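Everything below concerns the one structure shown next.
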């Protein structure tokens with residue numbers, strides 16, 4: 002405990018306890034965080050190596066690719082690069098960003114997950130205001146519900162949540178739910194059951210930047226949300 006080493010006969014030693022950050026970190030180190038995420042269905046190492054060798058040989062025998070590279074006219078297909086990143090290092094990169102912004106600490110104490118399903122969120126009719134991993138958006142940009150897409154099997158069920166742990170006006174340990182859609186069939190968010198209608202961000206002036214977090218939960222079965230339905234705020 003942080004006060005275990007205090008010498009009551011020497012109160013000047015309290016000078017060392019102005020910050021409890023070190024002791025909190027030591028205390029947390031004694032507990033192993035629980036992985037609450039989806040399992041990672043990774044192909045065998047042998048299959049990955051075999052595929053990498055196949056692609057390498059194919060590229061070496063591609064005269065058009067060799068010529069474009071030699072003449073410096075080759076264009077890297079960024080969409081394929083992003084797709085490969087999302088399937089390999091991307092989920093772990095996003096997890097590190099979530100740890101950096103204190104997402105797990107504030108929403109899932111002593112737990113974490115690696116995001117296996119990539120969410121694509123955009124505000125505006127023209128999807129001009131994209132949601133990334135920590136970028137800044139104004140309340141006016143987020144005044145209407147965003148467009149959300151993700152890849153999912155047709156027979157799967159999902160719940161989408163938008164929450165803010167920084168916005169509560171009375172209790173800093175509580176959070177406000179801004180949007181909750183359950184029983185989403187496949188990736189058809191518009192066909193899900195809207196448990197809580199979308200509420201635009203309303204950060205209080207002078208409180209700095211607020212975190213608004215989109216979370217996607219996978220359901221095993223159809224959930225009865227009838228007792229949890231919230232009335233329209235308008």
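Numbering (the numbering used here), first residue to last: 2 to 235. Every residue gets a Cβ at the ideal spot worked out from N, C-alpha and C, and that includes glycine. These figures come from a predicted structure and were not determined experimentally.
| Asked | Found |
| --- | --- |
| Going by Cα to Cα distance, which pick from 189, 184, 190 and 196 is closest to residue 178? | 196 |
| Pairs of beta-carbons, one from the stretch 99-107 and one from the stretch 41-58, closer than 8 Å: are there three or more? | no |
| Do you know offhand how far residue 218's Cα is from residue 174's? | 22 Å |
| If you count every other CB in all the chains shown that lies within 10 Å of the CB of residue 183, and 16 or more means buried, which is it? | buried |
| For the alpha helix (DSSP H) that contains residue 1, what are its first and last residues? | Residue 1 lies beyond the residue range present for the chain, which begins at 2 and ends at 235; the question has no answer from this structure. |
| What's the C-alpha gap between residue 53 and residue 199? | 45 Å |
| Taking 6 Å as the limit between beta carbons, can you name the residues of its chain near residue 215, skipping five residues before and five after? | 120, 122 and 163 |
| Rounded to whole angstroms, what's the CA-CA distance from residue 59 to residue 117? Just pull it up for me. | 29 Å |
| Rounded to the nearest angstrom, what separates residue 93 and residue 87 at their Cα positions? | 9 Å |
| Roughly how many angstroms separate the alpha carbons of residue 224 and residue 66, rounded to a whole number? | 52 Å |
| If we ignore side chains and look at the alpha-carbon of each, how far apart do residue 212 and residue 107 end up? | 11 Å |
| Around the C-beta of residue 207, are 16 or more other C-beta atoms found within 10 angstroms, so that it is buried, or is it exposed? | exposed |
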